[in-house]
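A short worksheet on the structure shown next.
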Amino acid sequence: MEDNKSQGTEQETGQTPEKRNFIREIIDEDLKSGKYETVHTRFPPEPNGYLHIGHAKSICLNFGTAKDYKGVCNLRFDDTNPAKEDVEYVESIQEDITWLGFDWENRLFYASDYFEKLFEYAVILIKKGKAYVDDLDADEIRQHRGTLTEPGKDSPYRNRSVEENLDLFERMRKGEFPDGSKTLRAKIDMSSPNINMRDPVMYRILHATHHRTGDKWCIYPMYDWAHGQSDSIEGITHSICTLEFEDHRPLYNWFVEQLQIFHPRQIEFARLNLTYTVMSKRRLLQLVQEKHVSGWDDPRMPTISGLRRRGYTPESIKLFADRIGVSKADSVIDVSVLEDCLRSDLNKRAQRVMAVLHPVKLVIENYPEGQVEELEAVNNPEDESMGTRKIPFSKVLYIERDDFMENPPKKYFRLSPGAEVRLRYAYIIKCTGVVKDPKTGDIAELHCTYDTETKSGSPASQRKVKGTIHWVSAQHAVDAEARVYDRLFNVPDPGGDNWKESLNPASLEVVKGCKVEPGLAAAKVQDRFQFERLGYYCVDRDSQPGNLIFNRTVTLRDTWAKINKG
RNA sequence: UGGGGCGUAGCCAAGUGGUAAGGCAGCGGCCUUUGGAGCCGCCACUCGUAGGUUCGAAUCCUGCCGCCCCAGCCA
Numbered sequence: 014m015e016d017n018k019s020q021g022t023e024q025e026t027g028q029t030p031e032k033r034n035f036i037r038e039i040i041d042e043d044l045k046s047g048k049y050e051t052v053h054t055r056f057p058p059e060p061n062g063y064l065h066i067g068h069a070k071s072i073c074l075n076f077g078t079a080k081d082y083k084g085v086c087n088l089r090f091d092d093t094n095p096a097k098e099d100v101e102y103v104e105s106i107q108e109d110i111t112w113l114g115f116d117w118e119n120r121l122f123y124a125s126d127y128f129e130k131l132f133e134y135a136v137i138l139i140k141k142g143k144a145y146v147d148d149l150d151a152d153e154i155r156q157h158r159g160t161l162t163e164p165g166k167d168s169p170y171r172n173r174s175v176e177e178n179l180d181l182f183e184r185m186r187k188g189e190f191p192d193g194s195k196t197l198r199a200k201i202d203m204s205s206p207n208i209n210m211r212d213p214v215m216y217r218i219l220h221a222t223h224h225r226t227g228d229k230w231c232i233y234p235m236y237d238w239a240h241g242q243s244d245s246i247e248g249i250t251h252s253i254c255t256l257e258f259e260d261h262r263p264l265y266n267w268f269v270e271q272l273q274i275f276h277p278r279q280i281e282f283a284r285l286n287l288t289y290t291v292m293s294k295r296r297l298l299q300l301v302q303e304k305h306v307s308g309w310d311d312p313r314m315p316t317i318s319g320l321r322r323r324g325y326t327p328e329s330i331k332l333f334a335d336r337i338g339v340s341k342a343d344s345v346i347d348v349s350v351l352e353d354c355l356r357s358d359l360n361k362r363a364q365r366v367m368a369v370l371h372p373v374k375l376v377i378e379n380y381p382e383g384q385v386e387e388l389e390a391v392n393n394p395e396d397e398s399m400g401t402r403k404i405p406f407s408k409v410l411y412i413e414r415d416d417f418m419e420n421p422p423k424k425y426f427r428l429s430p431g432a433e434v435r436l437r438y439a440y441i442i443k444c445t446g447v448v449k450d451p452k453t454g455d456i457a458e459l460h461c462t463y464d465t466e467t468k469s470g471s472p473a474s475q476r477k478v479k480g481t482i483h484w485v486s487a488q489h490a491v492d493a494e495a496r497v498y499d500r501l502f503n504v505p506d507p508g509g510d511n512w513k514e515s516l517n518p519a520s521l522e523v524v525k526g527c528k529v530e531p532g533l534a535a536a537k538v539q540d541r542f543q544f545e546r547l548g549y550y551c552v553d554r555d556s557q558p559g560n561l562i563f564n565r566t567v568t569l570r571d572t573w574a575k576i577n578k579g
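The first sequence lines up with residues 14 to 579 when you count with the working numbering.
And the structure:
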């Protein structure tokens, strides 16, 4: 939609600084030198799990960079391991990318699209004497590989004739051999200091049904063999991957050079780490399988589907990707950065609404019985175009339990015996009495009087009062449930073998009996609101008409909580 | 003891030989009918460290230190 290289990053500054990072520098050089004429990237997920915020960084990088350079980005599923992959994942991945706002148009590909071509390429290598069929089993291959400090040893099958290799490879494909009995290996250098170059396996025998090719194949290409050649076939110019593949780059290059096919450039960047969560697919899977969370889209999960259900916006995630930048240094981003991106987006777009999570009844003694006033409330002070709405006010209200204290500390601006407070959009009230449950001693009801002259907007309403609190009319209020989410882990870095011990037992608090303003009865799944003074909430997909359920997306910044803490 | 990378503030991150951007967090203050939002100010005499080159070094050179990745028929 916009011109290139200058799309909004720091929206609040009104600036649109050009994004700079080492990848763009490389691209600039490549374009300038004529190495490539366009920018063509790809996002290559393996469909073996749900996408998470770390993938979002990569998606924004790949799609975003291509777009800024007026190039394109493919979506390619790296589906070379049928044992771990599933269509459930290919569907969720597409949904997540689309939701983020990126479009691969007609460029949806699968590594499995290229199985035949890859097989032909392998034959070429065999004919060049650059690949061979090995009869060593997995354990023997490991033993021949050597160690980090010692060179490996050649396989006794390394020098088979081209004819024999061709024959054996063909028969591997035909299914003549059992799983694990043979592999096709690149013939490179068993003494290379780079272990990836010690005759890496290109194909393994796997009699497994693939989610797309079914039983057509019983040999499957390894990542190193499939990935670069797939990039080449698609004409990818810049193949952006994470740091752990840096060691694989010589192999990546070796294959395309041996084949003399289009040569993409692999560039590695540091993967995203976030505090107070885990990011590895293995651990996320474990959280799901062991029921520590309700599923992949549990609002506490760092998955894209979890963030979506939690109430995150695509814009907030893209803003996050811009803010954290791209580099090669291992890093851990403080989750507050993500939360700030969210707040900054939601602040501008979420409708304000009043909701009382922990209600306590408040009776205005001098307010006429049966009277109802429709008061005008602003939908979003940050955006006048969002207009206003009417909310009912009456004699009996609910206010937040936290907004009253019998013995308030200093700097407590809310309601307490004898104190005045403003009811947002309504009147200034004074607390005249407290009714307690005779048995428990809990506060059952608060009594107040209102200053009839202080209706919102009137001159007398200008009077300074320390605090303003939110409320909801008891007879008009709608019941709701709030799911109050907190961070999944108690520690910034839940690492190590006992990472599950730092799971936060209070990461979900279900609050029932909330009272929300009547207009919310019509809220639809995924609608986002700011509950004034509390935080941003969205309607959960479990919500039903008559049984409203809200997820707390994120709290508002709360300086009182900060003062209180200490 | 092999190979590949990375070290700029509590956390990210610009910077590419001319005298340390920006964001988050934190801390002060202003303003406020959300203790929200907004606004203002503070927060690296120094860039892992020790030398060297230079009029001048985070940027160039050398040594040292620290951290990450690699020994799947996973990706």
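Using N, Cα and C, we set each Cβ at its ideal position, and we do this for glycine too.
Range covered by the beta strand (DSSP E) that runs through residue i
{"i": "ASN75", "result": "Here ASN75 belongs to no beta strand (DSSP E); instead the alpha helix (DSSP H) covers 66-81."}
{"i": "GLU386", "result": "386-391"}
{"i": "PHE56", "result": "53-56"}
{"i": "ALA144", "result": "144-147"}
{"i": "THR196", "result": "196-199"}
{"i": "ILE456", "result": "456-463"}
{"i": "ILE442", "result": "441-449"}
{"i": "TYR102", "result": "Careful: TYR102 lies outside any beta strand (DSSP E), inside the alpha helix (DSSP H) at 100-113."}
{"i": "ARG211", "result": "Element bounds for ARG211: n/a, residue is neither H nor E."}
Classification of residue i by the beta-carbon crowding that lies within 10 angstroms, buried from 16 upward
{"i": "VAL146", "result": "buried"}
{"i": "ARG313", "result": "buried"}
{"i": "PRO206", "result": "exposed"}
{"i": "ASP450", "result": "exposed"}
{"i": "ILE208", "result": "exposed"}
{"i": "GLU530", "result": "buried"}
{"i": "LEU161", "result": "exposed"}
{"i": "ASP150", "result": "exposed"}
{"i": "ASN564", "result": "buried"}
{"i": "GLY47", "result": "exposed"}
{"i": "LEU256", "result": "exposed"}
{"i": "LEU561", "result": "buried"}
{"i": "ILE576", "result": "exposed"}
{"i": "GLN384", "result": "exposed"}
{"i": "PRO558", "result": "exposed"}
Integer-rounded CB distance, given that residue j should sit under 8 angstroms from residue i
{"i": "ASP310", "j": "GLY319", "result": "5 angstroms"}
{"i": "PHE426", "j": "LYS479", "result": "4 angstroms"}
{"i": "ASN75", "j": "PHE56", "result": "5 angstroms"}
{"i": "ASP244", "j": "LEU264", "result": "Incorrect: roughly 13 angstroms between the Cβ atoms, too far for contact."}
{"i": "SER474", "j": "THR481", "result": "Incorrect: roughly 11 angstroms between the Cβ atoms, too far for contact."}
{"i": "TYR1", "j": "LEU272", "result": "What the structure shows of the chain is the stretch from 14 to 579, and residue 1 is not part of that stretch, so it cannot be assessed."}
{"i": "MET203", "j": "PRO164", "result": "6 angstroms"}
{"i": "VAL447", "j": "GLU413", "result": "The Cβ separation is near 15 angstroms, so there is no contact."}
{"i": "TYR463", "j": "LEU388", "result": "Not really, about 13 angstroms apart at Cβ, beyond 8 angstroms."}
{"i": "LEU370", "j": "ALA457", "result": "With a Cβ gap of about 18 angstroms, LEU370 and ALA457 do not count as contacting."}
{"i": "ALA487", "j": "LEU436", "result": "ALA487 to LEU436, Cβ: 13 angstroms. No contact."}
Start and end residues, alpha helix (DSSP H) containing residue i
{"i": "ILE7", "result": "Limits of the chain in this structure are 14 at one end and 579 at the other, which puts residue 7 out of reach."}
{"i": "MET185", "result": "175-187"}
{"i": "PHE132", "result": "128-140"}
{"i": "GLN156", "result": "151-158"}
{"i": "LEU436", "result": "Careful: LEU436 lies outside any alpha helix (DSSP H), inside the beta strand (DSSP E) at 433-436."}
{"i": "ILE412", "result": "Per DSSP, ILE412 belongs to no alpha helix (DSSP H); it is in the beta strand (DSSP E), 409-413."}
Among the options, nearest to residue i - alpha-carbon criterion
{"i": "ALA390", "options": "MET367, LEU113 and PRO472", "result": "MET367"}
{"i": "LEU44", "options": "GLY62, THR250, ALA144 and ASP152", "result": "THR250"}
{"i": "THR93", "options": "LYS187, VAL136, THR222 and LEU149", "result": "THR222"}
{"i": "LYS97", "options": "GLU177, LYS294, TYR82 and GLU42", "result": "LYS294"}
{"i": "ASP109", "options": "LEU297, ARG184 and HIS68", "result": "HIS68"}
{"i": "PRO169", "options": "LEU298, GLY84, GLN156 and ARG356", "result": "GLN156"}
{"i": "ASN503", "options": "GLN488, LEU521 and ALA493", "result": "LEU521"}
{"i": "LYS424", "options": "GLY77, PRO234 and TRP573", "result": "TRP573"}
{"i": "HIS65", "options": "PHE122, GLU183 and ILE330", "result": "ILE330"}
{"i": "ALA79", "options": "ASN178, TRP112, ASP116 and THR111", "result": "ASP116"}
{"i": "ASN517", "options": "LEU501, LEU351 and PHE190", "result": "LEU501"}
{"i": "VAL350", "options": "GLY188, ASP335 and VAL434", "result": "ASP335"}
{"i": "CYS551", "options": "ALA363, ARG414, GLU413 and ASP455", "result": "ALA363"}
{"i": "VAL497", "options": "PRO405, THR568 and HIS489", "result": "THR568"}
{"i": "VAL214", "options": "TRP230, HIS261, ARG322 and GLU176", "result": "HIS261"}
{"i": "HIS53", "options": "LYS341, GLY77, ASN393 and PRO472", "result": "GLY77"}
Quick one: which unbroken alpha helix (DSSP H) runs of 4-plus residues sit fully inside the region 332-375? Chain order, please.
348-362
Give, in chain order, every unbroken run of the alpha helix (DSSP H) that is at least 4 residues long and sits entirely within the region 243-316.
262-272 and 294-302
If we require 4 or more residues per run, which alpha helix (DSSP H) segments fall completely within the region 495-525?
none
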